[in-house]
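J.: Have a look at the structure that comes next, please.
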Amino acid sequence: AQSAYQEHSRRRRKDWMKLIYVSSLTPEQILHGDPSSTDLQNQDEDDFFTIRSKGTVAGGTEEDLDVTKEKVKLEDLKEWENEELLDSIRHLFITGGSGT
Amino acid sequence: MAQPVSVLHFSGHQYLRHRLVLSIISGKPVKIDKIRSDDKNPGLRDYEVSLLRLLERATNGTVIEISVTGTAILLKPGIIAGGSVLHDCPLSRSIGYFLEPMVMLAPFAKKPLQLTLRGITSDDKDLSADLIRTVTLPHLQLFGVSEGLEMRIKKRGSAPLGGGEVQFLCPVVKQVKTLDFIDAGRVKRIRGIAHAVRVSPQFSNRMIEAARSVLNRYIPDIYLYSDVYKGEDSGKSPGYALSLLAESTTGAMHSAEAVSEPGVTPEDIALTASRALLSEVRRGGCIDRQHQVLVLFMMVLGSEDVGRCKLGEPTPRTIQFLRDVHQTFGTSFKIVPSNPSDTTSTELLFSCYGTGYVNANRTLA
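Those protein sequences? They're chains A and B, same order as listed. Every letter in the first sequence is one number past the one before it in my numbering, and letter 70, counting from 1, is 70. Every letter in the second sequence is one number past the one before it in my numbering, and letter 151, counting from 1, is 251.
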């Protein structure tokens with residue numbers, strides 16, 4: 001029952017400690033990959049190859065610089081043209097009424 | 101310093117800066133290989149060599165060996181000397197690239213650091229001089245590094261020719277404070293700096309106008325400063341940028357900026373910066389995404405007590421940094437959702453037991 005619960009919670013939410021300290025996925029895979037539990041186990045078995053292809057070879061074909069600021073994707077920012085979304089974060093500001 | 105011989109070993113050209121910083125702080129030699137070994141143009145880039153030179157100059161007794169092909173380096177760290185350092189940054193990267201690792205090291209130097217950097221003051225890759233001044237330095241203050249901490253932007257320099265100059269003054273500390281920062285609060289004010297050099301000064305007003313059109317709906321306390329640099333102080337190339345900073349009731353800060361690109365109007369630059377700021381605020385946490393590494397680094401070095409901090413989702417850099425910290429100091433963070441009942445929240449609570457790092461360099465003086 002406990003394992004079932006753990007599996008359930010993992011599906012809901014990433015287990016960051018396991019992903020960071022135990023798995024050997026690249027940081028990009030952790031963030032963008034599908035973190036469902038079966039996938040994670042598969043990755044664990046053949047990560048020896050995944051790392052190499054993702055980490056070094058891809059880095060060689062296209063120059064990915066060591067940058068602090070992430071590239072801002074203009075398409076991602078397009079969403080802010082939507083009034084509803086603009087209003088949806090009002091509670092994060094002091095003027096935003098009773099969020100709490 | 102006599103250290104047990106345990107060489108840190110990393111591969112690849114990515115994350116070079118924080119790896120060098122970890123090596124110098126821990127006193128462990130670091131070997132980094134496979135630096136672009138599969139690339140058409142293998143080995144270190146000019147800015148990376150320049151960074152190594154800067155680290156060599158700011159420390160005492162550091163030995164750096166670069167292999168013939170430039171694809172591997174071995175750094176045996178000395179002590180962090182501090183003092184007065186002048187460095188000309190190559191034009192391939194902005195001064196932010198060089199300042200960020202120096203900000204991490206400077207509090208642990210033997211003497212207070214007075215660093216003068218010349219080059220490009222803002223570009224689209226690294227934190228601009230403005231953000232380092234308004235956001236990075238307040239983050240250091242959270243850890244008790246405050247007295248005499250200052251940065252002056254003497255001249256601005258845009259890409260590609262640069263010509264800017266900044267001065268960074270940092271005091272030394274014996275030990276950093278343990279951080280306990282779990283209440284993000286709500287945004288109470290927004291500040292910003294718009295600057296335009298070698299273009300019409302009206303550009304910065306246009307950027308301010310456009311940023312206000314997005315941000316005014318949330319909060320009246322918005323002060324966007326138009327920073328004008330004239331003549332010699334404005335560098336060699338035209339350019340403009342807007343950097344924004346949202347500050348919360350508990351002092352949590354989030355920042356965003358956008359830098360001019362050819363063929364993009366000041367209004368669009370301002371919209372990009374404002375919307376990026378909104379995205380940043382929405383991600384939550386107490387710490388700006390770009391400063392996660394700095395804050396976690398200081399938490400690891402904190403006194404032997406449990407430090408806690410609420411962050412948004414970690415960036416790829418942060419994840420790699422956590423792994424490298426684990427390899428260097430053996431410290432691992434406890435990472436749990438900050439609000440387990442709310443499944444939509446991506447905020448995470450990071451906690452770790454500080455290593456109790458004491459600035460031995462300082463007491464030697």
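Think of the CB as a built atom: it goes at the ideal place given N, C-alpha and C, for glycine as much as any other residue.
Taking its Cβ as the centre, do 16 or more other Cβ atoms sit within 10 Å of residue 460/B, making it buried, or is it exposed?
T.: Residue 460/B comes out exposed.
J.: Relative to chain B, which residues along the stretch 17 to 35 of chain A have a C-beta separation below 7 Å, given in chain order?
T.: 17, 20, 21, 27, 28, 30 and 31
J.: Taking the alpha-carbon positions, what's the residue 320/B to residue 294/B distance?
T.: 18 Å
J.: Verify the CB distance criterion: does residue 84/A have a CB-CB separation below 8 Å to chain B?
T.: no
J.: Between the Cα of residue 119/B and those of 426/B, 449/B and 388/B, spot the shortest distance and give me the residue it belongs to.
T.: 426/B
J.: What does the alpha-carbon distance come out to for the pair residue 386/B and residue 168/B?
T.: If you draw a straight line from the Cα of residue 386/B to the Cα of residue 168/B, it is about 45 Å long.
J.: Under a three-way DSSP split, which group does residue 156/B fall into?
T.: helix
J.: Answer yes or no: does any C-beta atom of chain A fall closer than 8 Å to that of residue 115/B?
T.: yes
J.: Could you say if the stretch 303 to 315 of chain B and the stretch 198 to 210 of chain B meet the contact criterion of at least three C-beta pairs nearer than 8 Å?
T.: no
J.: Let's see if you can read the secondary structure: which residues bound the alpha helix (DSSP H) around residue 373/B?
T.: 366 to 383
J.: For residue 281/B, which residues does DSSP report across the bridge?
T.: 409/B
J.: Which full runs of the alpha helix (DSSP H) of 4+ residues lie inside the stretch 111 to 146 of chain B, going along the chain?
T.: 116 to 126
J.: By Cβ distance below 7 Å, which residues in the same chain neighbour residue 284/B in space, the five residues on each side in sequence not counted?
T.: 348, 350, 352, 384, 385, 386 and 410
J.: With distance defined between alpha-carbon atoms, name the residue in 356/B, 423/B, 436/B and 393/B nearest to residue 230/B.
T.: 356/B
J.: Please specify which runs of the beta strand (DSSP E), each continuous and at least 3 residues long, are wholly inside the stretch 302 to 356 of chain B, giving them in chain order.
T.: 322 to 328 and 339 to 348
J.: Using a Cβ-Cβ cut-off of 8 Å, state whether residue 369/B counts as contacting chain A.
T.: no
J.: What would DSSP say about residue 450/B, mapped onto helix, strand or coil?
T.: The DSSP-derived three-state label of residue 450/B is strand.
J.: Distance, Cα to Cα, residue 444/B vs residue 438/B?
T.: 11 Å
J.: Looking only at its chain, what residues have a beta carbon closer than 7 Å to the beta carbon of residue 342/B, apart from the 5 residues adjacent to it on each side?
T.: Excluding five sequence positions before and after residue 342/B, the CB atoms of its chain that fall closer than 7 Å to its own CB belong to 292, 294, 307, 311, 357, 358, 369, 370 and 373, given in chain order.
J.: Which of the three DSSP states, helix, strand or coil, is assigned to residue 68/A?
T.: coil
J.: So, with DSSP's three-state summary, where would you put residue 361/B?
T.: Coil.
J.: Report buried or exposed for residue 265/B, applying the criterion of at least 16 other Cβ atoms within 10 angstroms of its Cβ.
T.: buried
J.: Measuring alpha carbon to alpha carbon, tell me which residue in 213/B, 405/B, 192/B and 334/B is nearest residue 272/B.
T.: 213/B
J.: Kindly give me the distance between the Cβ atoms of residue 244/B and residue 277/B, rounded to whole angstroms, as I take these residues to be in contact under 8 Å.
T.: Rounded, the Cβ-Cβ distance is 4 Å, consistent with contact.
J.: Counting only the same chain and skipping the five closest in sequence on each side, list residues whose C-beta sits under 6 Å from that of residue 152/B.
T.: Here the set comprises 164.
J.: What does the alpha-carbon distance come out to for the pair residue 378/B and residue 86/A?
T.: 8 Å
J.: Counting only the same chain and skipping the five closest in sequence on each side, list residues whose C-beta sits under 7 Å from that of residue 415/B.
T.: 389 and 392
J.: Could you work out which residue in 260/B, 380/B and 449/B is closest to residue 396/B when comparing CA atoms only?
T.: 449/B
J.: Against chain B, with Cβ distances strictly below 8 Å, would residue 70/A count as a contact?
T.: yes
J.: Taking 7 Å as the limit between beta carbons, can you name the residues of its chain near residue 301/B, skipping five residues before and five after?
T.: 328
J.: Compute the beta-carbon to beta-carbon distance between residue 287/B and residue 376/B, rounded to the nearest angstrom, for a pair I have assumed lies under 8 Å.
T.: That belief does not hold up - the Cβ atoms of residue 287/B and residue 376/B are roughly 15 Å apart, past 8 Å.
J.: What does the Cβ neighbour count give for residue 363/B, buried or exposed, with the cut at 16 atoms within 10 Å?
T.: exposed
J.: With a floor of 4 residues, list each alpha helix (DSSP H) that falls wholly inside the stretch 218 to 303 of chain B, ordered by position along the chain.
T.: 237 to 241
J.: Can you find a C-beta in chain A that's less than 8 Å from the C-beta of residue 318/B?
T.: yes
J.: If we define contact as Cβ-Cβ less than 8 Å, is residue 89/A a contact residue for chain B?
T.: yes
J.: So, is residue 241/B buried or exposed, given that buried needs 16 or more other C-beta atoms within 10 angstroms?
T.: exposed
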